[in-house]
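This report concerns only the one structure given below.
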Amino acid sequence: MQLTVVPHEETVFTIQKSCLSQWTVFGEKNSENEFRDGRFALREVHPSFVYLDSSVIHFKNDKINTMPQFSLSISDGFVHDNKIHILPQIVPLKKISLTVIVENITDIPRWRNEGEKLKILVSEILKLYVVTKDSVVYLRNLKDRLRHGIFGLVVHSCFNPSNELVPGQVTSQSEVSIVRVTSKLRFEQCLSRGSVPKLGGVEEQIALLKDVVEANVNYKSTVNSSSLRPTRQILLTGPPGCGKTSLVKQIASECEATLLTVLGPEATSSKPGASEETLRKIFYEAAILAEEDERCMCILLLDEIDSMCPRRDSSKNSTHSVRATVQLLSLLDQANDTPGLVIIATTNKANNLDQSVRRPGRLETEVFLNVPTQPQREHIIGVLLEGMEIINTDIASLAKYVAAITPGYVGADLALVCQEVALEHYRRNVSGDPATEPELPLKLWSSAFKQAVSKIKPSALRSGLGVVLTTPTSMDSIGGLQSIKNELRVAIEWPLTHPDAFARMGLPHPKGVLLYGPPGCAKTSIVKALASATNTTFLSVSAADLFSPYVGEAERAVAELFHRARTGAPTILFVDELDAMVGSRGDKEAGAQERVLSAFLTEMDGIGIRLEGLKFDVEEKSLLEGGNDDSISLSNETSPQKKTSSSVGVIVIAATNRPDMIDSALLRPGRFDKLMYVPAPDVKGRLEILRSVTTNMPLDDCIDFADLVENTHLFSGADLSNLCKEAALCALSQDGMGITKVKHHHFLSALKGMRASLTEAQVSWYEEFRKPS
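Quick note on numbering: the numbering used here labels position 508 of the sequence shown as 515, and the sequence is numbered without any gaps.
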């Protein structure tokens, strides 16, 4: 029977017209759909037709808060005739108990003070509906002037004259009891609690925030006159996309707290006084939500607080923004007097915040949400893969593989990677590609994720200083330098790929490696290949990227560069032409180089700084034991295991062809731990380079590599690569565009127009420099 026909108007006695309710309740506690017995129909309605009206629906009762616990939806658009229960008459109700849901939070105090007026208004509204126990009455079909700001009513119980729990209608003789007045915001969050997504890889932060909220719940419900109180204000920092806002939503859902969210840009206005007024209204609404009853909690989320409370000492801020900052600081102080109110502020630019907001009594607890480590990424990806249609595939192995190839990716990036894989799978499915079945083997799924990762850069590295490596490069593609490759594997690759072994042996992680040697000898290429081999983030920077005509900008750029490297850890930070960037403090015309050198030395020494800041452990102390000790203990002690750097994977590799120009302070152990000489290629090295460069070049069998090696003395790797390119161009110019192979005489022709970029004097100088003094 399709629910599309509206009955005749003269047969309608309630605003619901005919009253049919067949609903399905979805919730995490219900393994199957639960059908509630809440079906009404008027006998005057024609038996062949029925109109579904959703003004009154059933809900799954939350025994604690007597509020809807799960979201509601219709099972389908059809109701069979054997499911329709015809009521012989509408029973008048003797008494009814309910909760009033108001549209605006600020209406809650008004209606509490005008309780009798509210009862009369609710009684008149309920005369238009047929209700039953555990039902929600939505007033959306009423005109605004009739609703008086009321969104709906939650009916907890209703009795007829026989004291039976049956459907009925309120009359003038009915006794109406209002349990509470609550907000639409809280009501809707009650319905959506079961659908809040769970985050992976942030178990420590979840435990900390839940401890803070639960400590405040216990403190509020305990009669306590002590001045000691639990912490109520938290600053949540971390790079964009790491899940700060989603984490707060999950905490609010699990702790059954009402979440009031305000975005920083929305709270600010160019109109004088408007920002301050908006902030006062927000904190007033938060206080109302926190005071609904003794167990009600409100979490006020100040998202992007850096836009609400910028540094007052910055020349970029106007008088208007300074006033808004002062207003926010005042409101944060006053919020400590509101039991049940927890304030969580988020930002990815903590250094842009006014320092006053981070002092004790305001945002006193700081929690850092770092870029996830590989185990955390594996957990996040495992959660994301559960929502994808992947059958007969080892999800754990796939998650482990994807986590290994996504260093520096935050939760939002990983979700985007999974979305890209799903979209590509859908496109192929639409085109009829047979390789789109959900039962694809692990190898094909891994290939799909690898392709998606190559398209999506980590969000923390998409803009700003430093070039990000995106093209995979292998060590085998670089000819020669076998001893240098082996040394770099031991010094850099092993600590990154086998950190447990290094920790077990008590070996410190290297901080820096300096590669020096003649120009064009693959110093840059070998570092890129090393980054690809270790699945690490690769940032490259040169002196031109750092220097600025403005005083202080170069130092700021150095700090930003190292911050990006720590954010994307494990990271290989490659600094090309180090001598041009920092130079030596002994030079007469150092100037800006000296300042950059000082900043560089500071950052090199600070690579091991923990990004998380202090780790706070919240502990309840006898809150429910008479109130003798109601303090909350905040500890910044960390276990020895956690005193290691969160950015332990940040290794600086610098390259230079003038090692004598670099300040000696940089070359000491603890900064650049290893100095590696990258020599000009010898006979064997030149042969390997020529074979490597010509791998994808069609060569004739007459090519004599031995002869080419003999004729390329003092050629660097870059010279040899250029020689092969010139030989191919000679083949096209001499024999026409139809030629298919490069011959030996083409190489000889190219050699006639080239000369070695290195000299005997250069090579001798580097050999002399590498000798111990």
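We treat Cβ as the ideally placed atom computed from N, Cα and C, and that holds for glycine.
Does DSSP put residue i in a helix, in a strand, or in coil?
i	result
F754	helix
M482	helix
K102	strand
D420	helix
T326	helix
F569	helix
L727	helix
Y773	helix
G613	coil
P116	helix
H737	A small fix is needed here, since residue 737 is Cys in this sequence, not His. Reduced to three states, the DSSP call for C737 is helix.
L765	coil
A564	helix
L360	strand
A599	helix
F290	helix
How long is the line joining the alpha carbons of residue i and residue j, rounded to whole angstroms?
i	j	result
S784	F754	Beyond the ends of the chain as shown, which are 8 and 780, falls residue 784; an answer cannot be given.
W501	L727	31 Å
R777	S481	28 Å
V219	I306	11 Å
V558	I669	22 Å
T326	N355	24 Å
D507	S404	21 Å
L604	P517	20 Å
F456	G418	15 Å
L694	V700	10 Å
P526	Q769	10 Å
F679	V534	15 Å
S764	Y773	15 Å
L795	M315	Shown here, the chain extends from 8 to 780; a query on residue 795 therefore has no answer.
L392	I402	7 Å
T609	S549	18 Å
V63	T229	38 Å
E427	C249	18 Å
V569	K464	According to the sequence shown, residue 569 is Phe rather than Val. Cα-Cα distance, rounded: 18 Å.
Assuming residue i contacts residue j (C-beta within less than 8 Å), just tell me the rounded distance between them.
i	j	result
D300	T268	Going by Cβ atoms, the distance from D300 to T268 rounds to 22 Å, so no, they are not a contact pair.
A738	K750	7 Å
S260	R200	5 Å
T543	P414	5 Å
I129	L160	The sequence given here has Val at residue 129, not Ile. So it is a contact: roughly 7 Å between Cβ atoms.
G513	I696	About 39 Å; that fails the 8 Å criterion.
S454	A536	Contact doesn't hold; Cβ gap of about 22 Å is too wide.
V203	Q257	6 Å
R318	N359	6 Å
L546	T574	10 Å between Cβ atoms; not a contact.
N167	V255	At roughly 45 Å, the Cβ-Cβ gap does not stay under 8 Å, so N167 and V255 are not in contact.
I115	I289	Going by Cβ atoms, the distance from I115 to I289 rounds to 15 Å, so no, they are not a contact pair.
L421	K251	Their Cβ separation, rounded to whole angstroms, is 15 Å, which puts L421 and K251 out of contact at 8 Å.
I350	A342	6 Å
Is the closest heavy atom of the ligand FAD to the C-beta of residue i under 6 Å?
i	result
G159	For the ligand FAD, the structure offers nothing, since it holds no ligand at all.
Count the CB pairs spanning the segment 323-339 and the segment 265-283 that are closer than 8 Å, and state whether there are at least three. yes
Quick check: the segment 690-698 against the segment 552-560, are at least 3 beta-carbon pairs closer than 8 Å? no
Three Cβ pairs or more, each shorter than 8 Å: is that satisfied between the segment 711-722 and the segment 750-769? yes
Counting pairs of beta carbons, one from the segment 341-355 and one from the segment 379-394, are three or more of them closer than 8 Å? no
Give the list of continuous beta strand (DSSP E) stretches no shorter than 3 residues that lie fully inside the segment 661-716. 681-684
Does the pairing of the segment 655-666 with the segment 515-522 give three or more beta-carbon distances under 8 Å? yes
At least 3 beta-carbon pairs within less than 8 Å: the segment 125-136 vs the segment 215-226: no
Secondary structure, beta strand (DSSP E): runs of 3+ residues fully inside the segment 478-545: 519-523
Between the segment 116-131 and the segment 194-210, can you find at least three pairs of beta-carbon atoms closer than 8 Å? no
Count the CB pairs spanning the segment 361-379 and the segment 187-200 that are closer than 8 Å, and state whether there are at least three. no
Do the segment 236-244 and the segment 280-291 make contact, defined as three or more Cβ pairs closer than 8 Å? no
If you pair each beta-carbon of the segment 105-113 with each one of the segment 178-189, do three or more pairs fall below 8 Å? yes
Minimum length 3: unbroken beta strand (DSSP E) runs contained in the segment 170-246: 182-190 and 240-244
Alpha helix (DSSP H) segments (min. 4 residues) lying fully within the segment 370-435: 381-393 and 402-411
Only counting runs of 4 or more residues, tell me where the alpha helix (DSSP H) segments fall wholly within the segment 248-279, in order along the chain. 251-261 and 271-274
Could you give the uninterrupted runs of the alpha helix (DSSP H) lying entirely in the segment 127-175, keeping only those of 4 residues or more? 151-154
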